[in-house]
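Heads up: the structure comes next, in structure tokens.
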Amino acid sequence: MSVILKASGVQKSYRMGKATLHVLRGVDISVKEGEFLVIIGASGSGKSTLLHILGALDRPTEGLVEYEGISLNALRGRKLDQFRNKTVGFVFQFYHLLNELNVLENVIAPAMAGVGTLGWLAVRKRTINRAEQLLEQFGLKDRLRHKPYELSGGERQRTALARALINQPRLLLADEPTGNLDSRTGSGILESIESLHRAGQTIVMVTHDERIAARAGRVIRLSDGVVQNVNSSV
Amino acid sequence: MYKWILAWRYFRKRPITLLAVAAVALCVFIVVVVMTVMNGLVEEFRQKNHRYVGDCVVSSDSLVGFGYYEKFLETLETQPFVTAASPVVRQVGLLTQPGANWNIGIEIVGLDPALHARATGFGDSLHYRKAAPELAFVPTYEADGEGCIVGIDLMPNRRLPEGGYSHEAEPFPMSLVVSSFPLNIRGGLARAGTDVVSSRTFYYSDDSHTGLVKVDGNTVYIPLATAQTLCGMDSPVRRINEISIAFASGVSLAEGVRRVEGLWQAHAAAHRDLPGGDLFDHVRVESWQQNRRSVIAPMEKEQAMLLLLFLMLGVITVFIVFVVLYMIVSHTSRDIGILRSIGVPTSGVAAVFEGFAALTGVVGAGVGLAGGCLFLWRMNAIEGWLYEHYGWQLWDRSIYAIGEIPSQIDLPLVASIFIAAVAACLVGGLAPSVKAGLKRPVETLQVSQI
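Order-wise, the sequence lines are chains A and B. Using the working numbering, the letters of the first sequence correspond one by one to residues 74 to 307. Using the working numbering, the letters of the second sequence correspond one by one to residues 356 to 805.
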């Protein structure tokens with residue numbers, strides 16, 4: 074398996090008045106295509122920050138992140154938007170669905186964002202079909218016209234998962250996807266993620282739960298902004 | 356597509372949107388109503404002045420006037436671009452009644468009523484002889500007397516409190532004494548050192564209502580030849596003060612004035628060496644707009660000032676929309692973060708909020724326009740009702756010489772106001788929209804997780 078995502082010496086700091094808060098202190102990781110990588114750490118260890126940097130939602134203070142040899146640090150404007158839209162699918166702990174849109178519209182939103190109005194007319198039917206298939210796969214066939222506030226936590230997270238996959242991204246990044254769910258619902262989400270991995274999806278997931286980490290192919294332990302050790306569960 | 360869906364959903368669902376829409380609607384309503392009324396009043400005033408003097412005026416700056424006009428009139432009458440040309444005497448004078456102890460200053464206007472009715476709107480200003488202006492100076496009750504037409508506001512007890520005028524079935528018998536200060540051809544008082552004033556008694560034969568307050572309250576019309584004699588303008592050559600000219604249909608004002616100017620210059624050149632020919636130096640040829648400029652310009656200036664005030668109102672509208680959009684952007688930080696995280700570009704996010712601003716403008720302006728047009732349609736009825744029940748009028752008709760308040764909706768004006776309102780909203784929404792687009796996703800998403 075080839076390395077598709079590589080972080081080298083990544084540091085992230087925030088200025089808090091006169092003091093500086095160092096969240097990441099030089100992280101080196103690589104993600105191979107098709108692998109299921111979990112980044113585990115306690116609260117405040119910097120794992121969400123690292124995930125955001127890997128997904129180009131944030132920039133490191135120092136260090137380099139490369140996707141297939143292309144530096145994410147150098148991406149700007151349209152190229153950055155396209156990376157977020159087409160290459161990465163993000164799943165957040167708090168779902169982050171748009172309350173003004175229904176389930177189907179939330180799922181197809183990334184597809185609409187990637188094309189203009191005329192382009193959308195050309196891909197609309199195909200995209201809606203794919204969205205409906207994803208939602209059916211996640212058991213949301215009867216929820217297409219519902220608004221997010223009409224859904225349970227698990228349903229919202231599955232909607233977010235479908236949204237993250239609509240553009241068939243190379244990378245699925247999940248930030249504590251079960252953190253806000255009960256264990257049973259969370260287990261259902263994990264099963265969905267595992268089945269995606271089995272289908273060949275590259276997944277990087279952040280969690281603080283050892284039981285969830287145990288289901289990953291490889292685990293990276295983060296503590297105080299540095300990588301403590303790397304385990305392979307396989 | 357997501358831009359329009361989100362813009363519409365935000366527009367529909369956010370209560371604060373109503374405030375912005377209401378602000379835009381109110382501004383548009385005020386502008387539509389006030390501009391329509393103001394434009395109507397100004398245009399009405401302009402047209403009254405146009406009807407008063409005709410299309411073109413050949414006039415002298417001096418009260419002495421100019422002579423040798425008969426030949427010029429003959430020349431004008433042969434021109435296909437001229438419909439009619441009417442000679443006019445204008446002099447200062449006094450008006451009183453026989454045996455009365457009062458005297459008021461007036462303008463004496465001498466004219467041929469039939470000719471003047473063809474050259475201007477004079478015929479339409481008459482009351483009793485509107486259909487037969489050639490009989491305007493014939494008093495019905497005094498067969499041998501010489502009639503005079505009086506400005507309607509000079510007549511006692513004509514004006515009704517609610518507006519309009521009352522008239523008897525026939526002109527009531529009334530004699531008036533008109534006096535003038537005759538000037539000789541050299542510009543001096545004709546009877547200096549003797550009995551300077553020249554007076555004659557006339558019989559009231561009709562009213563003239565031009566709608567121009569200064570004219571209707573200040574003018575007495577008498578026959579042209581009589582005016583010339585009364586004012587000392589009959590020797591050594593007969594003189595007048597101006598000629599009112601009407602152009603044929605289809606002749607542009609500028610072209611007509613240009614041609615009259617050419618004819619006048621030729622006429623003046625041919626007669627300059629005759630006695631009194633130097634009086635041509637004081638004569639100019641003007642369009643009605645130029646001739647009445649000093650009267651019309653103040654109203655047009657007020658109109659321009661009003662427009663300026665409304666521009667300031669537009670600034671306030673922009674500010675209101677800016678504030679509302681700014682608040683909405685602040686409240687939708689999470690949504691912005693989500694949109695950016697799924698790859699929506701800066702311009703896309705900005706477009707969502709600009710679309711919202713556009714919807715605010717379109718809906719607000721639409722509501723304001725509809726309300727304004729409805730109000731204008733019923734405005735005079737509302738004023739009539741208020742006057743009937745509370746004795747209140749927007750413009751006291753006993754003071755202001757207007758009939759109905761102008762309420763004719765001008766489509767280009769209304770369209771301009773609509774476009775300006777939408778544009779103001781787009782301008783007001785620009786800064787918040789750009790701010791929304793420039794937000795960094797991780798900041799807004801992390802804040803929303805707290």
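Ideal placement from N, C-alpha and C gives every residue a C-beta, glycine not left out.
Would you mind telling me which residues of chain B sit closer than 7 angstroms to A/Thr278, beta carbon to beta carbon, in chain order? The sequence shown places Met at residue 278 of chain A, rather than the Thr named in the question. Within 7 angstroms Cβ-Cβ: nothing; A/Met278 doesn't reach chain B, min ~16 angstroms.
Taking one C-beta from the region 487 to 498 of chain B and one from the region 443 to 455 of chain B each time, how about it: are there three or more such pairs within less than 8 angstroms? Too few Cβ pairs lie closer than 8 angstroms, so no.
Under the assumption that B/Val615 contacts B/Ile595 (Cβ atoms under 8 angstroms), give the Cβ distance between them as a whole number of angstroms. That belief does not hold up - the Cβ atoms of B/Val615 and B/Ile595 are roughly 15 angstroms apart, past 8 angstroms.
Using DSSP's beta-bridge definition, name the partner residues of A/Pro278. For clarity, residue 278 of chain A is Met in the given sequence; the question names Pro instead. For A/Met278, which the question treats as bridged, DSSP gives the partners A/Val111 and A/Ala247.
Anticipated Cβ contact below 8 angstroms, B/Gly808 with B/Val383, distance rounded: The structure shown does not extend to residue 808 of chain B, since chain B spans only 356 to 805, so no value can be given for it.
Integer Cβ distance of B/Arg648 from B/Gly422, believed to fall under 8 angstroms: Their Cβ separation, rounded to whole angstroms, is 27 angstroms, which puts B/Arg648 and B/Gly422 out of contact at 8 angstroms.
Going along chain B in order, which residues have a C-beta closer than 9 angstroms to the C-beta of A/Glu178? Tyr357 and Ile360
Who are the Cβ neighbours of A/His270 in its own chain at under 6 angstroms, not counting the five residues just before and after it? Around A/His270, the same chain offers Phe109 and Ile276 as residues with beta carbons nearer than 6 angstroms, after the five sequence neighbours per side are excluded.
Between the CA atoms of B/Leu729 and A/Arg88 - distance to the nearest angstrom: 60 angstroms
From which residue to which residue does the beta strand (DSSP E) around A/Val104 run? Ala92 to Lys105
Flag this pair as yes or no: are the beta carbons of B/Asp562 and B/Ile504 separated by less than 8 angstroms? yes
In chain A, which residues lie less than 9 angstroms from B/Leu714 when you measure between Cβ atoms? Going along chain A, no residue has its Cβ under 9 angstroms from B/Leu714, so there is no contact; the nearest lies around 14 angstroms.
Roughly how many angstroms separate the alpha carbons of B/Cys586 and B/Pro630, rounded to a whole number? 19 angstroms
Can you tell me where the beta strand (DSSP E) with B/Gln794 in it begins and where it stops? Reading off the sequence, residue 794 of chain B comes out as Lys, not Gln. For B/Lys794, there is no enclosing beta strand (DSSP E), as DSSP marks it with neither H nor E.
List the residues of chain B whose Cβ lies closer than 7 angstroms to the Cβ of A/His95, in chain order. Those do not exist, as A/His95 stays about 17 angstroms from chain B at its closest Cβ, beyond 7 angstroms.
Alpha helix (DSSP H) runs contained entirely in the region 356 to 443 of chain B, provided each spans 4 or more residues: 357 to 368, 371 to 408 and 424 to 432
Taking 8 angstroms as the CB-CB limit, is B/Leu680 close to chain A? no
Could you have a look at B/Thr581 and say whether DSSP puts it in helix, strand or coil? helix
Contact criterion: CB-CB distance below 8 angstroms. Does B/Ile805 meet it with respect to chain A? Low per-residue confidence applies at B/Ile805: pLDDT is 42, beneath 50, and the placement is therefore not dependable enough to give any value.
Within a Cβ cutoff of 7 angstroms, which residues of the same chain sit near B/Glu738, ignoring the five residues on either side of it in sequence? Gln748, Leu749 and Ile760
Check whether the Cβ of B/Val797 lies closer than 8 angstroms to any Cβ atom in chain A. Closer than 8 angstroms: yes.
Leaving out five residues before and five after B/Val769 in sequence, what residues of the same chain have Cβ atoms less than 7 angstroms from its Cβ? Val387 and Leu724
With B/Ala375 and B/Gly719 assumed to form a contact (beta carbons below 8 angstroms), what rounded beta-carbon distance in angstroms separates them? 7 angstroms
Below 8 angstroms on the Cβ atoms is my guess for A/Arg291 versus A/Asn304; work out the distance and round it to an integer in Å. That pair is a contact at about 7 angstroms.
Are the region 238 to 258 of chain A and the region 155 to 166 of chain A in contact at 8 angstroms, needing three or more beta carbon pairs? yes
Judging by CA-CA distance, which residue of B/Val444, B/Met356, B/Ser415 and B/Asn539 is the nearest neighbour of B/Ser590? Nearest C-alpha to B/Ser590 among B/Val444, B/Met356, B/Ser415 and B/Asn539: B/Asn539.
Measure the beta-carbon distance from A/Asn175 to A/Leu217 and round it to whole angstroms, keeping in mind my assumption that it falls under 8 angstroms. 7 angstroms
Straight-line gap, A/His125 to A/Lys159 (C-alpha atoms, nearest Å): 16 angstroms
Residues in the same chain with beta-carbon distance under 7 angstroms from B/Leu579, minus the five sequence neighbours each way, listed in chain order, please. So the qualifying residues of the chain are Pro442, Val444, Gly465, Leu466 and Asp467.
Between the Cα of A/Ile102 and those of A/Gly136, A/Lys79, A/Gln230 and A/Glu205, spot the shortest distance and give me the residue it belongs to. A/Lys79
When we look at the beta-carbon of B/Phe602 and count the other beta-carbons within 10 Å, is it buried (16 or more) or exposed? Burial of B/Phe602 is indicated by the presence of at least 16 other C-beta atoms within 10 angstroms of its C-beta.
For the alpha helix (DSSP H) holding B/Phe674, just list the boundary residues, first then last. The continuous alpha helix (DSSP H) containing B/Phe674 extends over residues Arg648 to His686.
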